[in-house]
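Novice: Add 31 to the 1-based position in the sequence shown for the working numbering, that's all there is to it.
Just so you know, even glycine gets a beta-carbon here, dropped at the ideal spot from N, CA and C.
The structure presented is a predicted model; accordingly, all values stated were derived computationally and were not measured.
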Amino acid sequence: MRQSSLFNPTEILPNEKDILKHQGIPEEHTPSTRIQNILSEAIILFIGEAKPQWIRAQVSRSEFKAIYLGAGENFIENPLENIYSQASNLALFALTVGLEISNKIENLFQQKEYALAAMLDSVASTAAENAVARCEKLYEESLQETDETATVLAYSPGYCGWHISGQKNLFDYLKPEQIGITINNHFLMTPLKSVSGLLVAGPPKIHLFKNNFDFCRSCTDKSCTERMWKINHPEEKNSEIRRTNGITTADFSQSSAG
Ligand code: SF4
């Protein structure tokens, strides 16, 4: 089954703390009035200019296996292979916050409005991350009747051992051109603020693994740590607690891969 729809920009609007964090401003730092005004202006521009959309297509495990193998460039050992093979449901997805917002950012840079352009870029990037979380939630809700305990997480080509060339098969199957997303010969998407990947639904434990793969050594954000921590602590919404407690992936003893 294939579905596509629009988001309301306010539905994926990031909070100010996350936008400033993306700008490299520490949470404990109170932004100046000037920064606060630029932030407010960027948020208003985003709400006015963004045209966020998503598309999703259900795939079977065997269909995804063929898509995933792609050009045969994935790392031999990686988390996704083990995760998707235990999934109850899988869907390819792509989303974008729209071409208009990318054009607006570019125009602001051309007009030498560097601070506002960079702030709007952070709003759009953070909104795209929120849109991924929204897509995960929407897919989870769509499975409620048949798979009510499923937890959905998204995985993307270019990350965690799934080679970026996987975009080719993903696009051939999903056809995100329908919502205005295209890829070039280097598998980069237009509009820039777009995300594609696989939504994996299944018991929460399938998303837990030890992040000690070869490619993890050069990973700077270790975003899997926070995702896994949230799965292990569904009652805790405040990711600050994870940092305060210094929890590491070594704590995820229910390893499903690695
Ligand atoms: S450490 Fe980085 S590369 Fe390794 S699994 Fe986690 S997010 Fe992926």
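Check whether the Cβ atoms of residue 13 and residue 128 sit closer than 9 Å, and answer yes or no.
Specialist: Because the chain in this structure spans residues 32 to 289, residue 13 falls outside the shown range and cannot be described.
Novice: Quick one: is residue 58 buried, meaning 16 or more other Cβ sit within 10 Å of its Cβ, or exposed?
Specialist: Exposed, since its Cβ has fewer than 16 Cβ neighbours within 10 Å.
Novice: Could you tell me whether the stretch 91-100 touches the stretch 167-184, where touching means 3 or more Cβ pairs closer than 8 Å?
Specialist: Not touching, per the Cβ criterion.
Novice: Could you pull the DSSP bridge partners for residue 187 from this structure?
Specialist: DSSP lists no partner for residue 187.
Novice: If you drop the 5 nearest sequence neighbours on each side, which residues of the same chain put their C-beta closer than 7 Å to that of residue 268?
Specialist: Confidence at residue 268 is low in this model, with a pLDDT of 49, below 50, so its placement is unreliable and the value that follows should be read with caution. Once the five neighbours on either side are set aside, residue 268 has no close Cβ partner at all.
Novice: How about the stretch 145-161 and the stretch 198-205: do they share at least three Cβ pairs that are nearer than 8 Å?
Specialist: Output reads no: the stretch 198-205 does not touch the stretch 145-161.
Novice: Could you spell out where the beta strand (DSSP E) holding residue 248 opens and where it closes?
Specialist: Here residue 248 belongs to no beta strand (DSSP E), and DSSP marks it neither H nor E.
Novice: Bridge partners for residue 85 per DSSP, in chain order?
Specialist: BP columns for residue 85 point to 36, 126.
Novice: Helix, strand or coil: how does DSSP classify residue 44 here?
Specialist: The answer is coil: DSSP assigns residue 44 none of H, G, I, E or B.
Novice: Is it buried or exposed, residue 145, if we count other Cβ atoms within 10 angstroms and call 16 or more buried?
Specialist: With fewer than 16 Cβ atoms within 10 Å of its Cβ, residue 145 is classed as exposed.
Novice: Does residue 87 pass the burial test, meaning 16 or more other C-beta atoms within 10 Å, or should it be called exposed?
Specialist: Classification of residue 87: buried, given that the 10 Å Cβ count is 16 or more.
Novice: Comparing alpha-carbon positions, which option in 152, 167, 138, 107 lies nearest residue 245?
Specialist: Ranking the options by Cα distance to residue 245, first place goes to 107.
Novice: Taking DSSP as the reference, what is the three-state secondary structure of residue 156?
Specialist: Residue 156 falls in the helix class under three-state DSSP.
Novice: Report the rounded CA-to-CA distance for residue 135 versus residue 83, giving the unit in angstroms.
Specialist: Their backbone Cα atoms lie some 14 Å apart in a straight line.
Novice: Helix, strand or coil, according to DSSP, for residue 75 in the structure here?
Specialist: Looking at residue 75 - three-state DSSP - the assignment turns out to be helix.
Novice: I'd like the span of the beta strand (DSSP E) that includes residue 196, first residue to last.
Specialist: Residue 196 -> no beta strand (DSSP E), and no H or E assigned at all.
Novice: What residues match up with residue 55 in a beta bridge as DSSP calls it?
Specialist: Bridge partners of residue 55: none, in fact.
Novice: Is any heavy atom in the ligand SF4 found nearer than 8 Å to the beta carbon of residue 192?
Specialist: For the ligand SF4, at least one heavy atom lies less than 8 Å from the Cβ of residue 192.
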